[in-house]
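Peer 1:
In my numbering, the protein residues as written are 36 to 337.
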């Protein structure tokens, strides 16, 4: 059976099952290849007539999704999806939460942007600020926390499709600054100091860390407790037992996203009282607040 497909001339016997070969930019050459048939195999003669110009293949690649690690409840969240079509046209971009589609962008449709409701979720996309590479979720609520996926499809003829996913968490910041209590204005040398630091309700629960003169307190001296409220928020309490002169409580919720410090200074051998509260907030994800560890003698009352 002789036939020709797109410049490739096939000369063989029996029923053709498949043929795989690579073309090179050379004059007409004659090749021999194996052709599988329904029963057994045979060898056929193939005459290759390569086209004048062999074009390189292009398609969708380098799909990446960027989702914020955490977003404060009531704030907007920006989700980005980048990709390289290598010259192909875009067919569609679809966004999912836990596998349920809620947003679609198809530039060639009469209505390019469509939103789909997910039962039980208040998930709204601000269409005027959303594009082929990003969406803006308006005033997010804590119930939308979960896995978000971006699916990109190139237009014909390839219709290549790829998908990437990432997790987004909606958090509730503490309602008030952390509070340090239980301190006296004067202590005798060697007297045991007991103090507690309480963080107001938040979600998830805040992580509390004691510092003495800018050095972290030995974990063995601190007792931590967390209590859940009926509204889903958590209250954190840390009790510190140490006879040093200055106590600082760090309240960290999603390290680098929220950072707050309360400080009480109690002179150990003097009368008087001086206290202040420092409020710091950072939205730089991944920022670390590292402190040097002092020698043990520094944490023990002489």
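Just so it is clear, CB atoms sit at the ideal spot from N, CA and C, and this is done for glycine as well. Since this is a predicted model, take the numbers as computed values, not measurements.
According to DSSP, residue 115 sits in a beta bridge with which residue or residues?
Peer 2: In the chain shown, the residue the question calls residue 115 occupies position 80. In DSSP, residue 115 forms a bridge with 101 and 169.
Peer 1: Which same chain residues end up closer than 7 Å to residue 147 when comparing Cβ atoms and leaving out the 5 residues on each side of it in sequence?
Peer 2: Translated into positions along the chain shown, residue 147 becomes position 112. Answer for residue 147: 140 and 141, listed in chain order.
Peer 1: I need the straight-line Cα distance from residue 97 to residue 172, nearest angstrom please.
Peer 2: Working through the chain shown from its first residue, we reach residue 97 at position 62. Working through the chain shown from its first residue, we reach residue 172 at position 137. Rounded to the nearest angstrom, the two C-alpha atoms are 24 Å apart.
Peer 1: Is there contact here, the region 151-167 with the region 102-109, by at least three beta-carbon pairs under 8 Å?
Peer 2: The answer is no - the region 102-109 does not touch the region 151-167, with fewer than three Cβ pairs under 8 Å.
Peer 1: Tell me the DSSP secondary structure of residue 254 in three-state form.
Peer 2: Stepping through the chain shown from its first residue, residue 254 is reached at position 219. If DSSP states are grouped into helix, strand and coil, residue 254 belongs with the helices.
Peer 1: Buried or exposed: where does residue 151 fall if 16 or more other Cβ atoms within 10 Å of its Cβ makes it buried?
Peer 2: Taking the first residue of the chain shown as 1, we reach residue 151 at position 116. Classification of residue 151: exposed, given that the 10 Å Cβ count is below 16.
Peer 1: Can you tell me which of the three DSSP states residue 211 falls into?
Peer 2: Here residue 211 corresponds to residue number 176 of the chain shown, with the count starting at 1. It is coil, neither helix nor strand.
Peer 1: Applying the criterion that 16 or more other CB atoms from any shown protein chain within 10 Å of the CB defines a buried residue, is residue 182 buried or exposed?
Peer 2: Sequence index remark: in the chain shown, residue 182 carries index 147 (1-based). The residue is exposed, with fewer than 16 neighbouring Cβ atoms inside 10 Å.
Peer 1: Looking at C-alpha atoms only, which residue of 136, 209 and 168 is the closest neighbour of residue 154?
Peer 2: Counting from one through the chain shown, the residue named residue 154 turns up at place 119. Residue 136 is the option with its Cα nearest to residue 154.
Peer 1: Could you give the first and the last residue of the continuous beta strand (DSSP E) run that contains residue 197?
Peer 2: For the purposes of this step, residue 197 is taken as the residue at position 162 of the chain shown. Per DSSP, residue 197 belongs to the beta strand (DSSP E) from 196-206.
Peer 1: State the start and end residues of the unbroken beta strand (DSSP E) segment that holds residue 132.
Peer 2: Along the chain shown, read from residue 1 onward, the residue named residue 132 stands at position 97. Start and end: 125-132.
Peer 1: Quick one: what does DSSP say residue 182 is sitting in, helix, strand or coil?
Peer 2: Here the question's residue 182 lines up with position 147 in the chain shown. DSSP places residue 182 in strand when its eight states are reduced to three.
Peer 1: Pull the bridge partners of residue 148 from the DSSP assignment, please.
Peer 2: Stepping through the chain shown from its first residue, residue 148 is reached at position 113. Answer is 140.
Peer 1: By the 10 Å Cβ neighbour count, where 16 or more other Cβ atoms means buried, how is residue 254 classified, buried or exposed?
Peer 2: In the chain shown, the residue the question calls residue 254 occupies position 219. Residue 254 comes out exposed.
Peer 1: Can you pull the DSSP bridge partners for residue 175?
Peer 2: Walking along the chain shown from the start, residue 175 turns up at place 140. Answer by DSSP bridge pairing: none, since residue 175 is not bridged.
Peer 1: Give the range of the beta strand (DSSP E) segment to which residue 108 is assigned.
Peer 2: The residue given as residue 108 occupies position 73 in the chain shown. Here residue 108 belongs to no beta strand (DSSP E), and DSSP marks it neither H nor E.
Peer 1: On the three-pair Cβ rule with 8 Å, is the region 110-121 touching the region 207-223?
Peer 2: No, the region 110-121 is not in contact with the region 207-223.
Peer 1: Output the boundary residues of the beta strand (DSSP E) element that contains residue 236.
Peer 2: By one-based count along the chain shown, residue 236 stands at place 201. Per DSSP, residue 236 belongs to the beta strand (DSSP E) from 229-237.
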